[in-house]
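Protein chains in written order, with the numbering used here: chain A, 20 to 338; chain B, 156 to 521.
Idealized CB from N, CA, C, for every residue including glycine.
For clarity, every value in this text was computed on a predicted model and none was experimentally measured.
Here is the structure:
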């Protein structure tokens, strides 16, 4: 029964998705080529009050993506109880290909648990998750990451006693040298790949402004830099979808700008994002679509403008 | 004197080999293995029992190592999903179970009577002058590699000292002491090889195996495979989130470390020329822990250095203490263990990262 439904969903995505997505990519590339000077235009230091304006500015520069109607990630009927507490209760969510989707909710609404259920770091009691046309709720977390859905953590987790560069290269997928025997059997291939990944990592580190820290211990980074490193590392896995858990939490305003700027730029280049965030300015200006959770249930979903006007959402937030 | 220095070299080599296995599991992967001696037991008994049945040693040793790895697989499959402190409890239990099996299954292991008279490598061999000179050359090569590696390390310390405006006195003392010790062992080794004895041959064989395994461990530690292990040590959730099969890598680490301990077990049996269940008490495991902590976890050079210091301490106290203290043998033995415990505590306060560990790693936030 469940298998049939999954199959139907995957058929659907294969029938409709490709043509639309290709158009999106072309649009994104053109714009990126024309406006690649944008980050340089933005001064590095801004006062707190300016953030909103900057974010709006960022958003204005963003081309209106005609996101396809077939979601890259679709979760439905997800449930998870911890003892008597129903942390997530029959919640659903869809992330459109090429979009930046937001997930908001008051503290304790079950957002992070929901993330953990999507990436299977916690097994759900019930429900279905379909990623890229395939059901994934029975897969191990690392298998889901290998499929192209990579997550970050609420409190940035870096590998302290490894260098920033090692943190980055670890993210690369399908490394020959990660197989025990290949270390001896294909040493040349391993060295070659290592060199390629190093170049890739440097390019990504430069884009987040951490290239000068490449040789430092990741544990020596500040909180904000760790968030950036985590995002950069996620990008190293060459994913189809990145789940960001509060990318702006505990980060100073300058770095928030930088983080948002990176998200928008990568999104333009075709990356899809799902973001949990408490900073409403960030959510409202970045996201194409916002889902609201409260007490583990879906409260609302819609465009940022619709959500801002939704009285239920306002009530949930203000108590 | 020559005989004793050869014995010292072999004991140090076995301890180093054994601890390298633990260093892979704990220092690189973060697995708390309190039952490391179990792998040594399996390796030692498998080798000698198969050799008694007429299996050539060149096959018996890999089989012993393989069986030790298999034990690692069994322990891993059943416990690696547990939290790390539970792994510690289970492994120490397994090592005692293995020892008790060896003690009680007399049809296989002859229990408390132990196994003696098994074939030894190179024992009946009487090499001609050319072969002996070749073995001396091999020993010289190994000694040369060691000194070169040590010089590299020392010049790095010197540079770092210059940058920070100080002279690495501690490193200098350590370097000179281990150089002198190394030189003494080398000279003794050459003399022992010239008038060939079984122990001298065993020493060369062990040093050769140790060199190869050390070199391969260094290579693995720098490989992408080793990077995944280190990532698991730091934060396995991150490794999982980046698509690494954490469980499988932990198993591999446990198995490989076990296989190395198994090889160390074979050499242990050959050195003693007999094996008894009582040789494999948990204390052996914790000696390896002392060595790894002493040298600096996650550092293969440190592990070898730790083994050298451990055995140097053993020797010095064995000969020097009786002259200084009016204790009988039993009390002296206990006193020596107390002192090494005290030294370890002093080290942990003064230099918590171990002798070769990196201080800056300790100041990092999680």
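What three-state label does DSSP hand residue i in the structure shown?
i: residue 279 of chain A; result: helix
i: residue 271 of chain B; result: strand
i: residue 154 of chain A; result: strand
i: residue 280 of chain B; result: coil
i: residue 431 of chain B; result: coil
i: residue 235 of chain B; result: coil
i: residue 336 of chain A; result: helix
i: residue 378 of chain B; result: coil
i: residue 331 of chain A; result: helix
i: residue 564 of chain B; result: Outside the shown range of chain B, which is 156 to 521, sits residue 564 of chain B, and nothing can be said about it.
i: residue 292 of chain A; result: strand
i: residue 236 of chain A; result: strand
i: residue 85 of chain A; result: Any reading at residue 85 of chain A needs caution, since the residue's pLDDT is 49, under 50, leaving its predicted position unreliable; the model's value is listed next. Coil.
i: residue 164 of chain B; result: helix
i: residue 265 of chain B; result: coil
i: residue 128 of chain A; result: coil
i: residue 397 of chain B; result: coil
i: residue 454 of chain B; result: coil
i: residue 240 of chain B; result: helix
i: residue 483 of chain B; result: coil
i: residue 507 of chain B; result: coil
i: residue 159 of chain A; result: coil
i: residue 341 of chain B; result: helix
i: residue 512 of chain B; result: coil
i: residue 297 of chain A; result: coil
i: residue 133 of chain A; result: helix
i: residue 436 of chain B; result: coil
i: residue 250 of chain B; result: helix
i: residue 351 of chain B; result: coil
i: residue 271 of chain A; result: coil
i: residue 523 of chain B; result: Nothing can be reported for residue 523 of chain B, as the shown portion of chain B is limited to 156 through 521.
i: residue 139 of chain A; result: coil
i: residue 461 of chain B; result: helix
i: residue 323 of chain A; result: helix
i: residue 501 of chain B; result: helix
i: residue 304 of chain A; result: helix
i: residue 243 of chain A; result: helix
i: residue 156 of chain B; result: coil
i: residue 66 of chain A; result: Low confidence applies here, because residue 66 of chain A scores a pLDDT of 46, under 50, leaving its location unreliable; read the following figure in that light. Correct three-state label for residue 66 of chain A: coil.
i: residue 103 of chain A; result: coil
i: residue 55 of chain A; result: Unreliable placement is indicated for residue 55 of chain A, whose pLDDT of 38 sits below 50; the coordinate value is still reported in the next sentence. DSSP places residue 55 of chain A in coil when its eight states are reduced to three.
i: residue 265 of chain A; result: coil
i: residue 44 of chain A; result: With a pLDDT of only 38 at residue 44 of chain A, under the threshold of 50, the placement of this residue in the model should not be trusted; the figure read from the coordinates follows. Residue 44 of chain A: helix per DSSP, three-state reduction.
i: residue 442 of chain B; result: helix
i: residue 80 of chain A; result: Residue placement at residue 80 of chain A cannot be trusted, given a pLDDT of 47 that sits under 50; what the coordinates show is reported in the next sentence. Three-state result, residue 80 of chain A: helix.
i: residue 260 of chain B; result: coil
On the premise that residue j lies in contact with residue i, defined as a C-beta separation below 8 angstroms, what is that separation, rounded to the nearest angstrom?
i: residue 188 of chain A; j: residue 216 of chain A; result: 5 angstroms
i: residue 270 of chain A; j: residue 242 of chain A; result: 7 angstroms
i: residue 189 of chain B; j: residue 223 of chain B; result: The Cβ separation is near 16 angstroms, so there is no contact.
i: residue 264 of chain A; j: residue 172 of chain A; result: 6 angstroms
i: residue 495 of chain B; j: residue 460 of chain B; result: That pair is no contact at about 16 angstroms.
i: residue 14 of chain A; j: residue 332 of chain A; result: Residue numbering for chain A in the displayed model covers 20 to 338; residue 14 of chain A lies beyond these limits and cannot be assessed.
i: residue 196 of chain B; j: residue 236 of chain B; result: At roughly 25 angstroms, the Cβ-Cβ gap does not stay under 8 angstroms, so residue 196 of chain B and residue 236 of chain B are not in contact.
i: residue 398 of chain B; j: residue 256 of chain A; result: 6 angstroms
i: residue 190 of chain A; j: residue 253 of chain A; result: 7 angstroms
i: residue 169 of chain B; j: residue 369 of chain B; result: At roughly 13 angstroms, the Cβ-Cβ gap does not stay under 8 angstroms, so residue 169 of chain B and residue 369 of chain B are not in contact.
For residue i, which residues does DSSP report across the bridge?
i: residue 90 of chain A; result: A:115
i: residue 123 of chain A; result: A:311
i: residue 317 of chain A; result: A:312
i: residue 168 of chain A; result: A:260
i: residue 98 of chain A; result: A:108 and A:145
When the Cβ atoms of the segment 198-205 of chain B are set against those of the segment 411-423 of chain B, are three or more pairs found closer than 8 angstroms?
yes
Continuous beta strand (DSSP E) assignments of at least 3 residues falling wholly in the segment 167-232 of chain B:
none
Runs of alpha helix (DSSP H) lying entirely within the segment 288-334 of chain B, each at least 4 residues, in chain order:
none
Start-end ranges of the alpha helix (DSSP H) lying completely within the segment 167-228 of chain A, minimum 4 residues
183-190, 201-204 and 206-227
Are there three or more Cβ pairs, one per stretch, closer than 8 angstroms when the segment 134-143 of chain A is compared with the segment 206-225 of chain A?
no
Do the segment 309-326 of chain B and the segment 240-247 of chain B meet, that is, are 3 or more Cβ pairs less than 8 angstroms apart?
no
Using 8 angstroms as the cut-off, can you tell me whether the segment 444-461 of chain B makes contact with the segment 165-175 of chain B, which would need three or more C-beta pairs spanning the two stretches below that distance?
yes
Does the segment 322-336 of chain A touch the segment 396-410 of chain B, meaning 3 or more C-beta pairs lie closer than 8 angstroms?
no
Check whether the segment 112-129 of chain A and the segment 285-295 of chain A touch, using three or more Cβ-Cβ pairs below 8 angstroms as the test.
yes
Touching or not, the segment 218-235 of chain A and the segment 141-149 of chain A, by the rule of three or more beta carbon pairs under 8 angstroms?
no
Quick check: the segment 326-334 of chain B against the segment 291-307 of chain B, are at least 3 beta-carbon pairs closer than 8 angstroms?
yes
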